[in-house]
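Trainee:
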Amino acid sequence: MRWIFGIIGLILGAASGGVTGAIIGALIGVGLASFILHLDKRASSQWADQDAAASPDAATQPGVPPITERVTRLEHEVALLRRQIAELKGQSFATASPTREASEPVAQAPVRGLAPAMAEALPAVISPAPAIAPQPEAVPAPWPASEPPPLAPTWADQAVAAARDWLLGGNSVVRVGILILFFGVAFLLKYAADNSLLPIEFRLAGVALASIVLLVIGWRLRDKRPGYALVLQGGGVGVLYLTVFAATRMVPLLAPGAAFALLVLICALAAGLAVRQNAPALAFTGSAGGFLAPILISTGAGSHVALFSYYALLNAGIFAIAWFRAWRMLNLLGFVFTFGIATAWGALRYEPALLASTEPFLVLFFLMYAGIALLYALRRQVSLKHYVDGTLVFGTPLVAMGLQAALVRHIPFAMAWSAAALAAFYLAVAAWLAPRRARLGLLFEAMFALGVIFITLAIPLAFDGRTTSAVWAVEGAAVVWVSVRQQRRLALAAGLLLQLAAGVAFGLGQLFEGATAGWPVLNSRYIGALLIAAAGVFSGWRLQGKAEARDWLKAAPGLGIAAAVWGLLWWLGSGSAEIDRWAWRLRSEIVDRPDIPLNAAFAVLTAWVAHGLRRRLDWALAEWPALALAPALGLVAITACGHWVPSPLAGWGGLVWIASVALAFVLLRRQERDVEDAVLAPLHTVLFWLICGVLATEGYWRLNAYVPEGTWSFAAWAYAYGALLALLAGAGWRIRWPIARFERAYLLWGAAPLAVLLWLWSLAGAASDGNAAPLFYLPILNPLDVAQLLVFLAIALWMRRTALQRLVPEPALIGYAVGATLFIWANAVLLRTLHHWAHVPYTADELGNSMLVQASLSMFWTVLALAVMVAATRRASRALWFTGAVLLGVTVVKLFLFDLSRVAGVERIVSFIGIGVLLLLIGYLSPLPPKARAEEPV
């Protein structure tokens, strides 16, 4: 190879600087080749070491150094031992101590790296000497264990040493001779041209004939003297190149076309000889000459199509050689020349109009050298876990991508498609290599990594920053998947951090980038957030839902839950934001807040998707969002009430709410297979409350719209809640599912808050004046009192159905609360009647100062006391009789302390006379019941 580089340097030097330039170029070429060969020798040594380590013999002998290192070390040890033996023989008779004592330090001196065979042979070489009289003053000095390791040589030292080894190693005479022959031929051509000794045609023909003779002789000696034969053949090829160059450029005897054809023939001849004789240096010479041929004979007016076609032919030859031989230097030569000259041409001559005639050659060259890298790996018969030809494997796509960027820079999205095509190519190659991972493991990983890199690069070339961040999150999820399969913690951390960084970058993009154009849902903003959510949920499933991850890493379930929550939050946040951003387009006079029913529909969609994932993936964690549907719908309803949304069931919003509730019940029915009743029962309760709240709100707004006057709107709450409670306690309990199935969830926990709410409404109704406008007010037959009667009926049915008195610790309290509520309502009916018929203002001050109101209350309380005490006498209930007596006593106290001082005239007369008569009736009609029955409850 040194003389090949020497020939190339000679030709280039002669073309630029005559004889002096030729000599300098030849020397530079030889030095460069020596340095390259030295590096290649070191790489080959490393490959041999790795092959030895991978072989069965090496596996059975751990710690055995490489063969070249062992030979060098043993040679050094032998020389050292010989010197030591010679010195020991000279000192054996001058030593005062016995031979045994003198020889022990030598035999026991540690010699680093000493082979076992050499250690065994040492005692035989040092024979015992006869005993000598002791001489104390003579003490032998101990030998050093080993010489210190030499300093690492610099690259200049390595180059000089490599040149010295080439010149002095092997057949030095032949190598020096062929080098001097080149100089002689160059001087002959120069001298003949300067002095016109012979016609130039004869001179060049003679040189060509001599080169052919060298080729023939080298071919004839290929079996007897292979090294000598290859030197002669290489010299012949070099002289032929030099002759054609001289006949074309120095003396214009050959036309460029003819010279080009001759150079192609020489190149093919050299390649054929190299393959036939397994001589990479000869192939290197032929290929180098072939690549230099267009440059040497170029006139500057050629076609780039012809140039690249010729290079495609040369690369096809290199590809064919790579099919049979793993010659790395030849592959690198073609790679450097092909893409180097292509880059130079592109920088000087390329125009966008030449794209159609240039792009196919770039694609062809890329495929060729990608294939050569694969062939090189296959032909080496060594797993690429030990070595990867990074120049071809990684350099080819990077150089091709750079040239592609220069070619298509004027075409929008061309680079994105190019990167996607490269990603598809490398992923396909990785899929092809997957079954061969045992031998080509690192090459498979390199192909897969290149595919991932280019698909990652394609995303920012095609989309904006938000979508890019989102797809990077998907890539992070893919890394998580691979890390779990291959059990790599570092890759797992990288995948999770990549998703986190993608989410942060997406959020920052939301702040700094403008509004997103496009359609609802089908825009980069929402799709990007959706991809981040999907990546998080997928990572959570792989880490928490799969036994493979749980068995490998103890922290995997916790990381999975965190990733799944991360994905769910992105899903919910992006969906709600998208609804808020586009819902205003659906706003109308009927549906004032379309975002409310849309959020309800989104909650249902989320729950059903989660339920589907739970069934499809057998992932229990996915069921939790589905279980949260009823609370989510309740939260949406509360939001609607907080915004004071009128008529939530109006228009298409009513259909959405009906469908949402129906689908929620269907989902609860399906969840009974996998979820315990203790979890589902509260959800039924929440769903029942949701129905009551939505219907009551709808009733309020509907009555308020039709009858805005009076107490109709206030009574609407009692109508809705009272009717629902009455239906639930009446005929509702006969419904097998869901009421009978979850009886306590509906009749107790669902209905009890409803009954309490109605009771509070009844107490609050006492403060209302009962305005029945536009109707005339009638006691009992007005919207407020009718609603009150409905409330009493519903609560009575519910108490009877649930046997409430047996559920509370103090049953008497229920009776007291019922009696007090009826008493308050009866007084309110009286006061509202006086307000409407006697025109007494319905305020606390006016009612307290009215003599008519006070006299009426005294008479009314006495009548109530009479009724209670008569009923107590008939039931023989002392407790109920005392209740009436207390009310009667309060009335008498009020009569003397309050009415006597404030009430005057006819009202006072009627009050006292009426109460007196009633007291006489009470004493006659309602005597105190017997004491034996006094302990019965009211």
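Just so you know, we're using this note's numbering here: the sequence shown kicks off at 14 and counts up by one.
Glycine included, C-beta positions come from ideal geometry on N, C-alpha and C.
Remember, predicted model here, so these are calculated numbers, not experimental data.
1. Indicate whether Ala694 and Ala643 have their beta-carbon atoms separated by less than 8 Å.
2. Considering Cα atoms alone, identify which of Arg452, Asn328, Gly832 and Arg887 is closest to Leu343.
3. Would you kindly work out how many angstroms separate the C-alpha atoms of Ala490 and Asp564, rounded to a whole number?
4. Buried or exposed: which applies to His849, given that a residue is buried once 16 or more other Cβ atoms fall within 10 Å of its Cβ?
5. At what residues does the alpha helix (DSSP H) containing Val720 begin and finish?
6. Grab me the residues of Ala768's own chain with a C-beta within less than 6 Å of its C-beta, minus the 5 sequence neighbours each way, in chain order.
7. Could you pull out every unbroken alpha helix (DSSP H) segment of at least 4 residues lying fully inside the stretch 596-669, listed in chain order?
8. For Arg450, which three-state DSSP category applies?
9. Once DSSP output is grouped into helix, strand and coil, what is the label at Phe426?
10. Terminal residues of the continuous alpha helix (DSSP H) containing Gln290?
11. Between the beta-carbon of Glu372 and the beta-carbon of Leu405, is there less than 8 Å?
12. On a Cα-Cα basis, can you pick out the residue from Leu320, Gly508 and Ile671 that is closest to Val277?
13. For Met587 and Ala429, what's the separation of their Cα atoms in angstroms?
14. DSSP state of Gly743, grouped into three classes?
15. In the DSSP assignment, find the unbroken alpha helix (DSSP H) run with Lys907 in it and report its ends.
16. Counting C-beta neighbours from all protein chains within 10 Å, is the total for Trp665 16 or more, i.e. buried, or is it exposed?
17. Which term fits Asn784, buried or exposed, when burial requires 16 or more other beta carbons within 10 angstroms of its beta carbon?
18. Using a Cβ-Cβ cutoff of less than 7 Å, which residues in the same chain neighbour Ala418 once the five nearest sequence positions on both sides are dropped?
19. Mind checking whether Ser660 and Glu722 have CB atoms under 8 Å apart?
20. Using only the alpha-carbon positions, how far apart do Ala641 and Ala675 sit?
21. Is the stretch 537-545 close to the stretch 575-593, with three or more CB pairs under 8 Å?
22. May I ask which residues mark the beginning and end of the alpha helix (DSSP H) holding Phe348?
23. Throw me the rounded Cβ distance for the Gly520 and Ala486 pair, which I believe falls under 8 Å.
24. Taking the alpha helix (DSSP H) that Ala560 falls in, what are its first and last residues?
25. DSSP state of Gly588, grouped into three classes?
26. Is Val842 closer than 8 Å to Pro766 when the C-beta atoms are compared?
27. Determine the DSSP secondary structure at Tyr759, reduced to helix, strand or coil.
28. With distances taken from CA atoms, which of Ile98, Gly647, Gly778 and Arg449 is nearest Asp798?
29. Let me confirm a value: Cys280 is counted as buried when at least 16 other C-beta atoms fall within 10 Å, else exposed. Which label applies?
30. Within 8 Å, do at least three Cβ pairs link the stretch 500-515 to the stretch 462-471?
31. DSSP three-state call for Asn795: helix, strand or coil?
32. How long is the line joining the alpha carbons of Val220 and Leu275, rounded to whole angstroms?
33. Consult DSSP for Tyr855 and reduce its assignment to one of helix, strand or coil.
34. Under the rule that 16 or more other beta-carbon atoms within 10 Å means buried, what is Gly897, buried or exposed?
35. Taking the CB atoms as reference points, tell me whether Gly573 and Val550 lie closer together than 8 Å.
Mentor: Taking the structure as given:
1. No, the Cβ-Cβ distance between Ala694 and Ala643 is not below 8 Å.
2. The residue with the shortest Cα to Cα distance from Leu343 is Asn328.
3. 20 Å
4. buried
5. It is not in any alpha helix (DSSP H) - Val720 carries neither H nor E in the DSSP assignment.
6. Ile808 and Trp811
7. 608-630, 636-640 and 642-655
8. Coil, per DSSP.
9. coil
10. Pro269 to Gln290
11. no
12. When each option's Cα is compared against that of Val277, the closest is Leu320.
13. What sits at residue 587 in the sequence shown is Ser, not Met. Approximately 27 Å between the Cα atoms of the pair.
14. coil
15. Arg891 to Lys907
16. exposed
17. Looking at its Cβ environment, which holds 16 or more other Cβ atoms inside 10 Å, Asn784 is buried.
18. Met428
19. no
20. A direct Cα-Cα distance of roughly 15 Å separates Ala641 from Ala675.
21. yes
22. Arg341 to Arg362
23. Incorrect: roughly 12 Å between the Cβ atoms, too far for contact.
24. Its alpha helix (DSSP H) spans residues Ala560 to Trp565.
25. If DSSP states are grouped into helix, strand and coil, Gly588 belongs with the helices.
26. no
27. helix
28. Gly778
29. buried
30. no
31. In this structure, Asn795 counts as coil in the three-state DSSP scheme.
32. Rounded to whole angstroms, the separation of the alpha carbons of Leu275 and Val220 is 15 Å.
33. Here Tyr855 sits in coil by DSSP.
34. buried
35. no
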